[in-house]
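Asker: Please find one structure pasted underneath; my questions will follow.
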Ligand SMILES: C[S@@+](CC[C@H](N)C(=O)[O-])C[C@H]1O[C@@H](n2cnc3c(N)ncnc32)[C@H](O)[C@@H]1O
């Protein structure tokens, strides 16, 4: 979907690199911990982020797991300071793998957040269909989002993120509502298992087989998450004009989701190159040129007629040999 030109932010030209309460978009090149120190207490309604996983990606050095967790705890304590009393944290994370052994990082981070008395509301499974093919274990096809709140009072706008019912025609078969439609007319709760394309451009694979590697949504970032993933959290856990913070914003997927829904956004990344791609994506968004999958769009299922979904002729008789 191509966005319509949006004019909600007339002051767009001025993305601020430092916190300034008169600006709606703050994009800081630098280290999260240092930047967080400059933010006032309790101003952020939602922290949504995918931190580095300590996998030795181009933007990180792999270190001992204990040290990695300790470094993150420093950042987490600052994040909790800047989080509003009715605010939420969505911590999107996968596994750390060393010598073929899997360390589920959400399990370790759960302990860290509990030290600060945060309350886990959901451990969301984000399931995706593509990824590395493992040889010595089952291929990993999910990551998790730990959704914590600071307190027992928090924002949760369920109706805005409801999804279509599988069987909308179902009716109550007993009780006072017998015979009436049994579901909610706005749709059903999306549950804690989310099937969202890992990378937006994968949807293009089936429809335009040659564009996968140069789909306009694809950037050079190795671990970009889909805008759609952040959108659902933002819509459910914040209201318009709230502050959203991504302390490891990469190429700005959560910022774009926030801007799209009229939230104020703050992003930090230590890599200048990702910061400039974020700026470019924001610019393209306001020009109506940024292509994004609409929230909730069905994932394309192959019909069986596409060449890529047919069994190669070389495999057809293998079982009989
Ligand atoms: C998993 S990626 C996040 C990708 C992002 N969700 C997106 O969609 O583009 C983690 C990011 O954290 C950044 N990073 C790592 N350590 C950092 C630090 N100490 N301060 C700020 N950014 C950091 C990396 O440059 C990387 O872009």
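Residue numbers (my numbering): 615 to 935. No residue lacks a Cβ here, since even glycine has one placed at the ideal position from N, Cα and C.
#1: What does the alpha-carbon distance come out to for the pair residue 746 and residue 753?
#2: Less than 7 Å between the CB of residue 653 and some heavy atom of ligand 1, yes or no?
#3: Which runs of the beta strand (DSSP E) fall wholly inside the stretch 849-902 and span at least 3 residues, in chain order?
#4: Applying the criterion that 16 or more other CB atoms from any shown protein chain within 10 Å of the CB defines a buried residue, is residue 906 buried or exposed?
#5: Among 773, 898, 891, which one has its Cα closest to the Cα of residue 834?
#6: Around the Cβ of residue 740, are there at least 16 other Cβ atoms within 10 angstroms (buried) or fewer (exposed)?
#7: Is it true that the CB of residue 850 sits closer than 8 Å to the CB of residue 581?
#8: Can at least three beta-carbon pairs, one atom from the stretch 692-709 and one from the stretch 660-678, be found at a separation below 8 Å?
#9: Measuring only from the beta carbon, is residue 674 closer than 7 Å to any heavy atom that is part of ligand 1?
#10: Is DSSP giving residue 672 helix, strand or coil here?
#11: Does the distance between the C-beta of residue 885 and the nearest non-hydrogen atom of ligand 1 fall short of 7 Å?
#12: Among 642, 927, 806, which has the Cα closest to the Cα of residue 758?
#13: Quick check: the stretch 767-779 against the stretch 846-861, are there 3 or more CB pairs under 8 Å?
#14: Please report the distance separating the alpha-carbon of residue 707 from that of residue 887.
#15: Taking a contact to mean a Cβ-Cβ separation below 8 Å, would you say residue 686 touches residue 726 in this structure?
#16: Less than 6 Å between C-beta atoms, sequence neighbours within five positions excluded: which residues of the same chain meet that for residue 645?
#17: Candidates 901, 804, 713: which alpha carbon is nearest residue 939's?
#18: Considering only the alpha carbon of each residue, which of 863, 769, 894 lies closest to residue 904?
#19: Under 8 Å between the Cβ atoms of residue 735 and residue 720?
#20: Where does residue 741 fall in DSSP's three states?
#21: With a threshold of 7 Å (Cβ to nearest heavy atom), would residue 909 be considered close to ligand 1?
#22: Residue 689 lies in the alpha helix (DSSP H); which residues open and close that run?
#23: Just to confirm the assignment, what range does the beta strand (DSSP E) spanning residue 749 have?
#24: Starting from residue 717, trace the beta strand (DSSP E) in both directions and tell me its first and last residue.
#25: Within 10 angstroms of the Cβ of residue 836, are there 16 or more other Cβ atoms? Answer buried if so, exposed if not.
Answerer: Let me spell this out:
#1: On the chain shown, position 132 is the one that residue 746 refers to. On the chain shown, position 139 is the one that residue 753 refers to. For residue 746 and residue 753, the distance between alpha carbons rounds to 7 Å.
#2: As a first step, residue 653 is located in the chain shown; it is residue number 39 there, counting from the start. Checking the Cβ of residue 653 against ligand 1 gives no.
#3: DSSP runs (the beta strand (DSSP E)) wholly in the stretch 849-902: 857-860, 878-883.
#4: Working through the chain shown from its first residue, we reach residue 906 at position 292. It is buried - the Cβ of residue 906 has at least 16 other Cβ atoms within 10 Å.
#5: To locate residue 834, count along the chain shown from 1; it is residue 220. Residue 834 has its Cα closest to that of 891, out of 773, 898, 891.
#6: Counted from its first residue, the chain shown places residue 740 at position 126. By the beta-carbon neighbour count (other beta carbons within 10 angstroms, threshold 16), residue 740 is buried.
#7: Limits of the chain in this structure are 615 at one end and 935 at the other, which puts residue 581 out of reach.
#8: yes
#9: Reading the chain shown from its first residue, position 60 is the one you call residue 674. Under cutoff, so the answer is yes.
#10: Position 58 of the chain shown holds residue 672. Note: residue 672 maps to coil in three-state DSSP.
#11: Position 271 of the chain shown, counted from the first residue, corresponds to residue 885. True, at least one ligand heavy atom lies under 7 Å from that Cβ.
#12: Counted from its first residue, the chain shown places residue 758 at position 144. Nearest of 642, 927, 806 to residue 758, Cα basis: 806.
#13: yes
#14: Numbered from 1 along the chain shown, position 93 holds the residue referred to as residue 707. Numbered from 1 along the chain shown, position 273 holds the residue referred to as residue 887. Taking the straight line from one Cα to the other gives about 23 Å.
#15: Counted from its first residue, the chain shown places residue 686 at position 72. Counted from its first residue, the chain shown places residue 726 at position 112. Remark: C-beta atoms of residue 686 and residue 726 approach each other more closely than 8 Å.
#16: In the chain shown, residue 645 corresponds to position 31, counting from 1. Contacts found: 884.
#17: For residue 939 there is no data in the structure shown, the boundaries of the chain being 615 and 935.
#18: Translated into positions along the chain shown, residue 904 becomes position 290. Taking only the C-alpha atoms, the option nearest residue 904 is 894.
#19: The residue given as residue 735 occupies position 121 in the chain shown. The residue given as residue 720 occupies position 106 in the chain shown. Against a cut-off of 8 Å, the Cβ pair of residue 720 and residue 735 comes out as no contact.
#20: One-based indexing of the chain shown puts residue 741 at position 127. In the structure shown, residue 741 sits in a strand (DSSP, three-state: E or B).
#21: In the chain shown, residue 909 corresponds to position 295, counting from 1. The answer is no for residue 909.
#22: Start at 1 with the first residue of the chain shown, and residue 689 comes out as number 75. It spans 679-696 - the alpha helix (DSSP H) in which residue 689 sits, taken as one unbroken run.
#23: The residue you call residue 749 lines up with position 135 of the chain shown. Per DSSP, residue 749 belongs to no beta strand (DSSP E) and is neither H nor E.
#24: For the purposes of this step, residue 717 is taken as residue 103 along the chain shown, with counting starting at 1. Residue 717 -> beta strand (DSSP E) spans 715-718.
#25: In the chain shown, counting from the first residue as 1, residue 836 sits at position 222. So residue 836 counts as exposed.
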